[in-house]
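Participant: Letter by letter, the sequence shown follows residues -10 to 104 of my numbering.
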Amino acid sequence: MELNVLSQFHDDRTIVVVSGEIDLYTAPRLHSEIAAALADGRPPWLVVDMSGVEFCDSTGMNVLLSCLRRARERGGELQIAAPRPAVRKILQVTGLDSVFPLAGDADQPKPAVPQ
């Protein structure tokens, strides 16, 4: 299965729409796409729309954690939006559902930007 990643800037955040499977082979592509969104000078507020992700292994979770740390180092945040039940279960089993801010969908308001 392949991975499709599309990033678009919307208001003061970047929405990263991901579909397919995130595993050992596809995770580097996800990492490079999110890292590019964080490095291009835009505000470090990201929403990763995972509604199209059918599978995500520990490699994918590590990529998301790494990008979350990078966003927070820049004063921003990375939210996960609309994970499917299988991905949500992985987040719950690993305890990462308490680490990542979860949004209902990609258009849900992000947390307030600190002044």
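Backbone N, C-alpha and C define an ideal beta-carbon position, used for all residues, glycine too.
1. Mind checking who Cys45 pairs with in its DSSP beta bridge?
2. Note down the Cα distance separating Val5 from Met39, rounded to an integer number of angstroms.
3. DSSP three-state label for Asp86, please.
4. Would you call the region 25 to 33 and the region 43 to 50 touching, i.e. three or more CB-CB distances under 8 Å?
5. Can you tell me whether His20 is buried or exposed? The criterion is at least 16 other CB atoms within 10 Å of its CB, across all chains shown.
6. For Ala26, which three-state DSSP category applies?
7. Skipping 5 residues on each side, what residues in its chain have a beta carbon closer than 8 Å to that of Ala24?
8. Can you tell me which residues form a DSSP beta bridge with Asn51?
9. Going by DSSP in three states, Arg63 sits in which element: helix, strand or coil?
Facilitator: This is what the structure gives:
1. In the DSSP secondary-structure assignment, Cys45 is bridged to Ile11.
2. 9 Å
3. helix
4. no
5. That one is buried.
6. Residue state, collapsed to three classes: helix.
7. Within the same chain, Ala24 has close Cβ partners Cys56, Arg59.
8. BP columns for Asn51 are empty, so no partner.
9. coil
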